[in-house]
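**Student:** Respectively, the protein sequence lines represent chains A and B.
Start counting the first sequence at 284; every next residue gets the next number (the working numbering).
Start counting the second sequence at 13; every next residue gets the next number (the working numbering).
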Amino acid sequence: MNEQKESVIRTLQQGLRYDGRKEDGFREIEIKMGSVRNAEGSATVRIGETEVIAGVKMDVETPYPDTPDEGMLMVGEEFLPMANPNFELGPPRIDAIEIARVVDRGIRESKTIDVKGLCITPKEKVWSVMIDICTINDEGNLMDASALAAMAALMNTEMPSYDGEVVDYSKKSGKKLKLREVPITVTVHNIGKNFIVDPTIEEEKSSEARLTVVTLEDGRICALQKGGEKGLSIEEIMKMVDIAGEHSKKIRELLLKNAKK
Amino acid sequence: MTFKRPDGRGKKELREIEAKAGIIKRANGSGYFRIGNTVAYAAVYGPRNIHPKFLQDPSKGVLRCNYNMMPFSSAGSRVRPGGNRRSKEIGLVTEKALSEVVMLTKYPNSVVDVFIELPQTDAGTRCAGISAASIALADAGIPMKDMISSVAVGKVGGEIVADLDYEEEAYDENTVDIPLAFTHRGKKVTLLQMDGKITRDELEEAIRLGSEVIDRIYEAQEKALKEKYIINSEGENHE
Numbered sequence: 284m285n286e287q288k289e290s291v292i293r294t295l296q297q298g299l300r301y302d303g304r305k306e307d308g309f310r311e312i313e314i315k316m317g318s319v320r321n322a323e324g325s326a327t328v329r330i331g332e333t334e335v336i337a338g339v340k341m342d343v344e345t346p347y348p349d350t351p352d353e354g355m356l357m358v359g360e361e362f363l364p365m366a367n368p369n370f371e372l373g374p375p376r377i378d379a380i381e382i383a384r385v386v387d388r389g390i391r392e393s394k395t396i397d398v399k400g401l402c403i404t405p406k407e408k409v410w411s412v413m414i415d416i417c418t419i420n421d422e423g424n425l426m427d428a429s430a431l432a433a434m435a436a437l438m439n440t441e442m443p444s445y446d447g448e449v450v451d452y453s454k455k456s457g458k459k460l461k462l463r464e465v466p467i468t469v470t471v472h473n474i475g476k477n478f479i480v481d482p483t484i485e486e487e488k489s490s491e492a493r494l495t496v497v498t499l500e501d502g503r504i505c506a507l508q509k510g511g512e513k514g515l516s517i518e519e520i521m522k523m524v525d526i527a528g529e530h531s532k533k534i535r536e537l538l539l540k541n542a543k544k
Numbered sequence: 013m014t015f016k017r018p019d020g021r022g023k024k025e026l027r028e029i030e031a032k033a034g035i036i037k038r039a040n041g042s043g044y045f046r047i048g049n050t051v052a053y054a055a056v057y058g059p060r061n062i063h064p065k066f067l068q069d070p071s072k073g074v075l076r077c078n079y080n081m082m083p084f085s086s087a088g089s090r091v092r093p094g095g096n097r098r099s100k101e102i103g104l105v106t107e108k109a110l111s112e113v114v115m116l117t118k119y120p121n122s123v124v125d126v127f128i129e130l131p132q133t134d135a136g137t138r139c140a141g142i143s144a145a146s147i148a149l150a151d152a153g154i155p156m157k158d159m160i161s162s163v164a165v166g167k168v169g170g171e172i173v174a175d176l177d178y179e180e181e182a183y184d185e186n187t188v189d190i191p192l193a194f195t196h197r198g199k200k201v202t203l204l205q206m207d208g209k210i211t212r213d214e215l216e217e218a219i220r221l222g223s224e225v226i227d228r229i230y231e232a233q234e235k236a237l238k239e240k241y242i243i244n245s246e247g248e249n250h251e
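As structure tokens, this is what we get:
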């Protein structure tokens, strides 16, 4: 065990967080919807000093042959080297790919987007929804920040105009992207005997196991991802699911409040 | 008939400017520069070890700039991430625009990385990026002889104007766009590119116009840097 991890565990055992936070909760969350005017939908999310921007672009494309009457969803996570001295230029790292995949799964499996409703002409033309998440500053918990920004951006999305031939991005159609659910992603980390949410960078590095839980409004779970090297007992898993569920309620409330503004 | 600018600005009038320093906590220095609807972030990391090693220069540190548009930043369709020939070239001219003032002789074999990111674009992106980068370098405490400020000038509808927006850039096929960067003292030009057809005299008029309006950019940069270091009434740093 390295010194930093020892110090993180010592701090947690004293009931404190590594950044001096007292309670075992999230840092302050700030959601700014519509932060990028050229995107069809966008949001900037800050969790403490961690900041990400998510933007949605839409286009008309040929559907996949196995889903000829469904719109397409794509999620990309860009670990911009601006956000962290250890991020480098080049193709996405495996941890960025994992975040993109988990955010994608949460949105896709919640069925919040009516993919059949995005079909224009079966086998020929469907809408594609492309969500890109860019990191501005990484102070830990990019997973939850990215998922929240992606969902907030979707809730803010207005479809561009389409005349059957070309997409006209300069004209908004006045049609909001219809959403049926508000999935909320919370990752719970196990460090020593402690279970925490919203880790700092140091806590993230010391994490032994993590569980990302995507929860719906009715309490059902629509996606999971276990990470870290340590195995978890069934009791530990259920405890982590419950912690995530509790925090997701407060975050959903905050998101819906921001959407009404 | 004289050309009227679509947004009603005067010939020498720049769009609204907003500049900030130190907005990215993890970076050694950072800057934010918005001009109209074009937004640029810049983050500086370094001096730090350079990889790959063959890029090391034993006589001085290397300045390395990367320019990137976020996938959702364009008014048209999605921009594929990972860069292209255009972004590589802009990174190169950005480096050259800043090298004149950045003094890296004290940092042999290392690199100062500048990452420029654009979340939202409406023409003048390389200029906004350079202006943000100059704030970020100063914020990082990199030794500099001077500040670099950047703005585009051009010819639209037969008129020489400052700070073209996208609507003006796309006005007709005769539009001329000239991105410029200047040192503050001495007004030396460190970035000069152009596309379109223009006479010798018009070119001189355009560059002179640029050297006149550039002080507005500098003032915003200086204010942003000073604001970061204001001591508040409790005697603590404003940060």
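Glycine included, each C-beta is placed from N, C-alpha and C at the ideal position.
Pop quiz: Val339(A) and Glu323(A) are said to be a contact at Cβ under 8 Å. What is the actual Cβ separation, rounded to whole angstroms?
**Tutor:** Correct: roughly 5 Å between the Cβ atoms.
**Student:** Beta-carbon of Thr133(B) versus every beta-carbon of chain A: anything under 8 Å?
**Tutor:** Interface residue, yes.
**Student:** Which first and last residues belong to the beta strand (DSSP E) in which Ser453(A) is found?
**Tutor:** Val450 to Lys459 is the span of the beta strand (DSSP E), which, as asked, contains Ser453(A).
**Student:** In chain B, which residues lie less than 8 Å from Ser453(A) when you measure between Cβ atoms?
**Tutor:** Within chain B, the residues near Ser453(A) are Ala87.
**Student:** What is the rounded straight-line gap between the Cα of Arg407(A) and the Cα of Pro351(A)?
**Tutor:** Per the sequence shown, residue 407(A) should be read as Glu rather than Arg. Going by the C-alpha atoms only, they are around 8 Å apart.
**Student:** So, using beta-carbon positions, are Glu218(B) and Lys167(B) closer together than 8 Å?
**Tutor:** Per the sequence presented here, residue 218(B) reads as Ala, with Glu not at that position. A contact, by the Cβ cut-off of 8 Å.
**Student:** Anything in chain A within Cβ reach of Gln83(B), meaning under 8 Å, just list it in chain order.
**Tutor:** The sequence shown places Pro at residue 83(B), not Gln. Simply Gly338, Lys340, Gly359, Glu361, Met413, Asp415 and Cys417.
**Student:** Just the Cα atoms here: how many angstroms apart are Gly317(A) and Glu289(A)?
**Tutor:** Straight-line Cα distance between these residues: approximately 42 Å.
**Student:** Is the CB of Asn96(B) under 8 Å away from at least one CB in chain A?
**Tutor:** With 8 Å as the cut-off, Asn96(B) does not count as an interface residue toward chain A.
**Student:** Applying a beta-carbon distance threshold of less than 9 Å, which residues of chain B neighbour Glu439(A)?
**Tutor:** In the sequence as presented, Glu is not what sits at residue 439(A); that position holds Asn. Residues of chain B passing the Cβ test: none, with the nearest at roughly 12 Å.
**Student:** Quick one: what does DSSP say Asn78(B) is sitting in, helix, strand or coil?
**Tutor:** Strand.
**Student:** Can you grab the Cα-Cα spacing for the pair Val552(A) / Leu237(B), in whole Å?
**Tutor:** Because chain A here runs from 284 to 544, residue 552(A) falls outside it and cannot be looked at.
**Student:** Can you tell me where the beta strand (DSSP E) with Asn61(B) in it begins and where it stops?
**Tutor:** Here the beta strand (DSSP E) through Asn61(B) covers Thr50 to Asn61.
**Student:** Using a Cβ-Cβ cut-off of less than 9 Å, give me the residues of the region 17 to 43 of chain B that come near chain A, in sequence order.
**Tutor:** So the close ones are Ile35, Ile36, Lys37, Arg38, Ala39, Asn40 and Ser42.
**Student:** For a quick check, are the C-beta atoms of Thr468(A) and Met426(A) less than 8 Å apart?
**Tutor:** Cβ distance < 8 Å, so Thr468(A) and Met426(A) count as in contact.
**Student:** Strictly by DSSP, which residues pair up with Arg46(B)?
**Tutor:** Per DSSP, Glu30(B) and Val51(B).
**Student:** So, does the region 441 to 450 of chain A touch the region 376 to 385 of chain A, judging by three or more C-beta pairs under 8 Å?
**Tutor:** No, the region 441 to 450 of chain A is not in contact with the region 376 to 385 of chain A.
**Student:** Confirm, please, whether the CB-CB distance from Ile414(A) to Glu334(A) is below 8 Å.
**Tutor:** The answer is no: Cβ separation not under 8 Å.
**Student:** Using the DSSP secondary-structure output, state which residues sit across from Cys505(A) in a beta bridge.
**Tutor:** Cys505(A) pairs with nothing; no bridge assigned.
**Student:** Residues of the region 317 to 330 of chain A in Cβ contact with chain B at a cutoff of 7 Å, in chain order, please.
**Tutor:** Those residues of the region 317 to 330 of chain A that come within reach of chain B (Cβ to Cβ, closer than 7 Å) are Val319, Arg320, Asn321, Ala322 and Ser325.
**Student:** Using a Cβ-Cβ distance cut-off of 8 Å, determine whether Thr302(A) contacts chain B.
**Tutor:** The residue asked about is misnamed: residue 302(A) is Asp in this sequence, not Thr. Chain B, which has no Cβ nearer than 8 Å to the Cβ of Asp302(A), makes this no.
**Student:** Which term fits Lys461(A), buried or exposed, when burial requires 16 or more other beta carbons within 10 angstroms of its beta carbon?
**Tutor:** So Lys461(A) counts as exposed.
**Student:** On the CB-based measure, 16 or more other CB atoms within 10 Å of its CB, does Leu104(B) come out buried or exposed?
**Tutor:** With fewer than 16 other Cβ atoms within 10 Å, it is exposed.
**Student:** Quick one: list the residues of chain A neighbouring Asn78(B), beta-carbon separation under 8 Å, in chain order.
**Tutor:** Those are Pro364 and Leu372, listed as they occur along chain A.
**Student:** DSSP beta-bridge partners for Asn473(A)?
**Tutor:** Answer is Phe478(A) and Ala492(A).
**Student:** Compute the Euclidean distance between the alpha carbons of Tyr44(B) and Gly514(A), then round it to the nearest angstrom.
**Tutor:** Looking at the two C-alpha atoms, the distance is approximately 44 Å.
**Student:** Determine the contact status of Gly389(A) and Pro482(A), defining contact as a CB-CB distance below 8 Å.
**Tutor:** Not in contact: Gly389(A) and Pro482(A) (Cβ atoms no closer than 8 Å).
**Student:** As a quick exercise: from Gly400(A), Leu507(A), Met284(A) and Arg293(A), pick the residue whose alpha carbon is nearest that of Met442(A).
**Tutor:** Ranking the options by Cα distance to Met442(A), first place goes to Gly400(A).
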